[in-house]
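This note's numbering puts the first residue of the sequence shown at 2, with every later residue one more than the last.
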Amino acid sequence: MDNLLVTGGAGFIGSDFVHYVLENTDMSVTVLDKLTYAGSLASLEGLPAERFRFVQGDICDASLVTELFAAHDAVVHYAAESHNDNSLSGPAPFVQTNLVGTFTLLEAARATGTRLHHISTDEVYGDLELDDPDRFTESTPYNPSSPYSSTKAGSDLLVRAWVRSFGVAATISNCSNNYGPRQHVEKFIPRQITNVIDGVRPRLYGDGRNVRDWIHADDHSSAVLRILERGRIGETYLIGADGEKSNRDVVEIILEEMGVPTDAYDLVVDRPGHDKRYAIDWSKLRDELDWEPRYRDFRAGIAATVAWYRANEAWWRPQKAEAEAKYAVTGH
2 MDNLLVTGGA GFIGSDFVHY VLENTDMSVT VLDKLTYAGS LASLEGLPAE
52 RFRFVQGDIC DASLVTELFA AHDAVVHYAA ESHNDNSLSG PAPFVQTNLV
102 GTFTLLEAAR ATGTRLHHIS TDEVYGDLEL DDPDRFTEST PYNPSSPYSS
152 TKAGSDLLVR AWVRSFGVAA TISNCSNNYG PRQHVEKFIP RQITNVIDGV
202 RPRLYGDGRN VRDWIHADDH SSAVLRILER GRIGETYLIG ADGEKSNRDV
252 VEIILEEMGV PTDAYDLVVD RPGHDKRYAI DWSKLRDELD WEPRYRDFRA
302 GIAATVAWYR ANEAWWRPQK AEAEAKYAVT GH
């Protein structure tokens, strides 16, 4: 593969993948992004002009998508509406982007024969009890809880159907929660970091005991590239890094790394349908494709992420007021 098309490549994990590919391979990359509030051209700065191209457009635009598919060897599909709170207040964009958009890409893959990798989330599996010893596997039944996770589940099922019914050359990956540089400040970790920078106490839903399985975005990117290059067509691979932490643990680590007392946060009313625990069994990826995460030390990863947000206020500051205004409406 010499030429990749990356949908949603101006977003957090999409832009991380673009940087990773251009820094670690000789491939050329085209990004297709609508530039909604979550996408930023600033996240694509510093890339080599001779191997990078940006196209502003909508993944629901069938003619544009088919034209781009025909000009590339493979497509990695990151574009999605992905914030649970936003899906509760306005689910329509999630249905349009995550379902109609993925359908449009699959039809383009069907027409052109282009290899497709679909990025999804562990949230399609619902949640686990806090004391459950099990983890999600590729065979865990889907049980989504929110408009966001249900539309991602639907998009996964579309990919599986197009592989089986039409022979589309596609793979799927479901990843745990990502953290790292260039993540929008509405998301959990950057919101807490930027609040502390602004002298605002972090807030946690419920009792803060909800558990997420964290992975550094660079590890996610390396896993996706491995699946793209070596994954078996029609297969699903879970991507994780054994990073289970409660939301309370995460906030306390952030506070400690930022020199603030570890109890300097508040608990607020829980959000509807708040999943209890996510946990990923990524042994298939390890055993079949010989992949391992590099960022095993979560505290060190958080320290580096804090340092990035401290050093890049010009990147996140324009997003902050709007994001906090949305949360103010709900009291969160």
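Where a beta carbon is used, it is the ideal one built from N, C-alpha and C, also for glycine.
{"query": "Tell me, please, whether the segment 144-158 touches the segment 187-204 by the rule of three or more beta-carbon pairs shorter than 8 Å.", "result": "no"}
{"query": "DSSP three-state label for Leu23, please.", "result": "helix"}
{"query": "By how many angstroms is the C-alpha of Asp128 removed from the C-alpha of Arg204?", "result": "22 Å"}
{"query": "What would DSSP say about Ala43, mapped onto helix, strand or coil?", "result": "helix"}
{"query": "Counting C-beta neighbours from all protein chains within 10 Å, is the total for Glu253 16 or more, i.e. buried, or is it exposed?", "result": "buried"}
{"query": "From Ala43 to Trp316, what does the alpha carbon distance come to, in whole angstroms?", "result": "7 Å"}
{"query": "Checking 8 Å against the spacing of the C-beta atoms, do Ser177 and Gly241 come in under that value?", "result": "yes"}
{"query": "Please state whether the Cβ-Cβ distance between Ser222 and Phe18 is less than 8 Å.", "result": "yes"}
{"query": "Tell me which residue opens and which closes the beta strand (DSSP E) that His221 is part of.", "result": "Careful: His221 lies outside any beta strand (DSSP E), inside the alpha helix (DSSP H) at Ala218 to Arg231."}
{"query": "Just list the beta strand (DSSP E) runs in the segment 262-313, keeping only unbroken ones of 3 residues or longer that don't cross its boundaries, in chain order.", "result": "267-269"}
{"query": "Can you check whether the CB of Ser247 is closer than 8 Å to the CB of Arg210?", "result": "yes"}
{"query": "Inspect the CB distances between the segment 46-66 and the segment 5-20 and report whether three or more fall short of 8 Å.", "result": "yes"}
{"query": "Per the DSSP calculation, Trp215 is bridged to which residue(s)?", "result": "Asn178"}
{"query": "Buried or exposed: which applies to Leu131, given that a residue is buried once 16 or more other Cβ atoms fall within 10 Å of its Cβ?", "result": "exposed"}
{"query": "On the CB-based measure, 16 or more other CB atoms within 10 Å of its CB, does Leu107 come out buried or exposed?", "result": "buried"}
{"query": "Please report the distance separating the alpha-carbon of Val1 from that of Thr138.", "result": "Outside the shown range of the chain (2 to 333) lies residue 1, about which nothing can therefore be said."}
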